[in-house]
Every structure is written in structure tokens, then in C-alpha cells.
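Worksheet: the structure to be examined is printed underneath.
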Amino acid sequence: MRRERLAALFVLGPMATISIAIALVAWAGRTGVHEPHVVVFNLTGVASSGVWTVSSVSGLNYWWKSFEPATLYVREGDEVVIKLRSADVLHRFYVPAFSVGPVDVSPGHLTTVRFRAEHRGVYQYYCTSMCGGCHFFMRGWIVVSAEGEEPVHPPPITCTLCRPHG
Numbered sequence: 010m011r012r013e014r015l016a017a018l019f020v021l022g023p024m025a026t027i028s029i030a031i032a033l034v035a036w037a038g039r040t041g042v043h044e045p046h047v048v049v050f051n052l053t054g055v056a057s058s059g060v061w062t063v064s065s066v067s068g069l070n071y072w073w074k075s076f077e078p079a080t081l082y083v084r085e086g087d088e089v090v091i092k093l094r095s096a097d098v099l100h101r102f103y104v105p106a107f108s109v110g111p112v113d114v115s116p117g118h119l120t121t122v123r124f125r126a127e128h129r130g131v132y133q134y135y136c137t138s139m140c141g142g143c144h145f146f147m148r149g150w151i152v153v154s155a156e157g158e159e160p161v162h163p164p165p166i167t168c169t170l171c172r173p174h175g
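Take the numbering used here: the final residue in the sequence shown is number 175, and no numbers are missing along the way.
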């Protein structure tokens, strides 16, 4: 009986230790958790819809869901972290106002960009890689407002072919 307990301890002990270590690394590695004024966005490029979206995109919803183009709202002085994914083809993400990119966003890979939103205003981000029929509409807004100020709400940029009701 003692031998069985000792064997279980030698097997379960390391398993529990490894599980706890993995959870702690994942928790500590989250961007913005310990940093004040950090805003994190997850954007996915979808060529078939001609949008960058914050919606979850998967093989289950790619062909039938109408994804909303993303407008990113931040406060002046915020550190902005954008985690970029591609749902389909190579995209290039570009925000000229903040000297971001163009950076390649490849299917199956996570690309992260980081910048400080130093000036109030409304700025565009783009896809600069010819990614499909709606490529020229694959852009969105970054709205930077002062603390306590009501943010501007620009109209979404949509392709009437890809999103006829957008």
C-alpha cells in the first residue's frame, strides 16, 4: 500500500507541478494584464468579406457569417496592442499615422503590433496586400479620444458587393 502511494505521488506530483507552471506562464504572459493603460485588440483579416474584424473567425463560420468591420476605440496616451490573424490569405496590416507596418499577416500565424496613441483623432488602418475582390475596402478606423471625451463614431467602410446590407 505504501509503495502504491509513493508511486502515485511520483506520477501525480510532477503532472500537477507542470500543469500549474503552464497556467502561471499563460497568465503572466497575457499582454496588458500588469500594465496600466494598455488596450489589446484581436483583429482577423477576412478577404472574402473584405474586413478586419474583432469577431471570432473559424472554419465553422467563415463562409456564412457576415463579419463586422472593426473600429478600434482607445484613449489618448494608451499603449495599443493589436494581435493580428488571417482567416484566409496573406494580408499586410498598415497604420501610417502610427508608423505601424506594413506587416505581413499570414494564415496560421499570430502577428503582434504595438504603438502608443499619442494624438487625438480618427485614423485609418489598411490591408496593403491585394487579398481579394474586396481588398480596397479592407480598412477601418482607430479613434483616439481624450479621457472623459465622447469618442467620434465614423461610419464603417464596407464593400457593397461583399456586404450589400453593410
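In this text, a Cβ means the ideal position worked out from N, Cα and C, and glycines have one as well.
Its chain contains Gly59, Cys136 as the residues whose beta carbon lies nearer than 6 Å to that of methionine 147, once the 5 sequence neighbours on both sides are disregarded; these appear in chain order. The beta carbon of arginine 125 is closer than 6 Å to those of Glu88 in its chain, skipping five residues each way along the sequence. Pairwise C-beta distances place the region 65-85 in contact with the region 148-167, as three or more of them are shorter than 8 Å. By the Cβ criterion, the region 110-124 is in contact with the region 86-102, since at least three pairs of Cβ atoms, one from each stretch, lie closer than 8 Å. The region 108-169 contains no complete alpha helix (DSSP H) run of 4 or more residues. Here serine 67 is not near phenylalanine 76, since their CB atoms are 9 Å or more apart.
DSSP places glycine 54 in the strand class (E or B) of the three-state scheme. Going by beta carbons, valine 112 and tyrosine 103 fall inside the 9 Å limit. Here phenylalanine 107 has Phe124 as same chain residues with Cβ atoms under 6 Å from its own Cβ, once five neighbours each way along the sequence are excluded. DSSP places valine 90 within a strand segment (E or B) once states are collapsed to three. Per DSSP, reduced to three states, the secondary structure at valine 60 is strand. Here valine 131 really is in contact with valine 161; their C-beta atoms are around 6 Å apart, less than 8 Å.
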